[in-house]
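Peer 1: Residue numbers (my numbering): 45 to 267. Glycine included, every Cβ here is placed at the ideal spot set by N, Cα and C.
1) Threshold first: 3 residues or longer. Then list the beta strand (DSSP E) segments lying entirely within the segment 198–264, N to C.
2) Closest by CA to residue 151, which one among 138, 140, 90, 166?
3) How would you write the range of the alpha helix (DSSP H) that residue 172 sits in, first residue to last?
4) Taking one C-beta from the segment 128–142 and one from the segment 105–112 each time, how about it: are there three or more such pairs within less than 8 Å?
5) Does residue 79 pass the burial test, meaning 16 or more other C-beta atoms within 10 Å, or should it be called exposed?
6) Is the distance from the Cβ of residue 125 to the Cβ of residue 186 below 9 Å?
7) Give the straight-line distance between the Cα atoms of residue 228 and residue 176, rounded to the nearest whole angstrom.
8) Does DSSP put residue 193 in a helix, in a strand, or in coil?
9) Which residue spans inside the segment 63–146 form an unbroken beta strand (DSSP E) run of at least 3?
10) Can you find at least 3 beta carbon pairs, one from the segment 224–238 and one from the segment 168–184, that sit closer than 8 Å?
11) In this structure, does DSSP put residue 177 in helix, strand or coil?
12) Report the option in 255, 184, 243, 210 whose CA atom is closest to the CA atom of residue 221.
13) Between the beta-carbon of residue 118 and the beta-carbon of residue 155, is there less than 9 Å?
14) Would you kindly work out how many angstroms separate the C-alpha atoms of residue 135 and residue 104, rounded to a whole number?
15) Do residue 160 and residue 196 come within 9 Å of each other at the CB atom, strictly closer than that value?
16) What is the rounded straight-line gap between the Cα of residue 158 and the Cα of residue 97?
17) Is residue 164 near residue 202, with beta carbons less than 9 Å apart?
18) Rounding to the nearest angstrom, what Cα-Cα distance links residue 169 and residue 148 in this structure?
Written out as structure tokens, the structure reads:
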């Protein structure tokens, strides 16, 4: 009788575990669908002046702190960003979604009003997100605005890898700004302008790419 009772308990616990796994899987799938709904990808697969835009997004976890966005400002300018909330799971995912939602809404309003200023938008974003970070949280991000009218790019990076610029002569230059990651009690912004006149290609990316392996098994960061 004791063995039968134990078997029944084990079976019940197994069923409960399966139910919990199905529940968590359903919640993660719903969260990922929400993330994809928030992402605004307007320029991927399109050409702006002499640049062709292409995006690649492949998070390792369904619930992650990684998100991106790119928007056509409708006046020859293009705004792009990558968010990398430190940590894993729900907390990082919430921070990433909050960040992207605010930025997308702010940019959409500025397009309607025809008054987009990158520095002004960043100031508003920093004021917003700092109050929503916990004391032990940090937020890395890179923002870039390409102006095809002046052949110029404005960059503001917070603890992210530098933008790589492949020049027309084949050399590679690093476009960087010296901002620290965004934290609750510290957020200083620096926006730097670079000329694109001699640039052939640009790569804007997060740490996830540098830590990835190439097809031959070597780290991308080594290249």
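Peer 2: Well, looking at it:
1) 207–211, 216–219, 236–239, 243–247
2) Here the closest residue by C-alpha is 166.
3) From DSSP, the alpha helix (DSSP H) with residue 172 extends over 162–174.
4) yes
5) buried
6) yes
7) 8 Å
8) The DSSP-derived three-state label of residue 193 is coil.
9) The DSSP assignment places complete beta strand (DSSP E) segments of no fewer than 3 residues inside the segment 63–146 at 110–116, 121–129, in order along the chain.
10) yes
11) Three-state DSSP puts residue 177 in coil, outside helix and strand.
12) 184
13) Yes, the Cβ-Cβ distance between residue 118 and residue 155 is below 9 Å.
14) 16 Å
15) no
16) Straight-line Cα distance between these residues: approximately 23 Å.
17) no
18) Inter-residue distance for residue 169 and residue 148 is about 11 Å (C-alpha atoms, whole angstroms).
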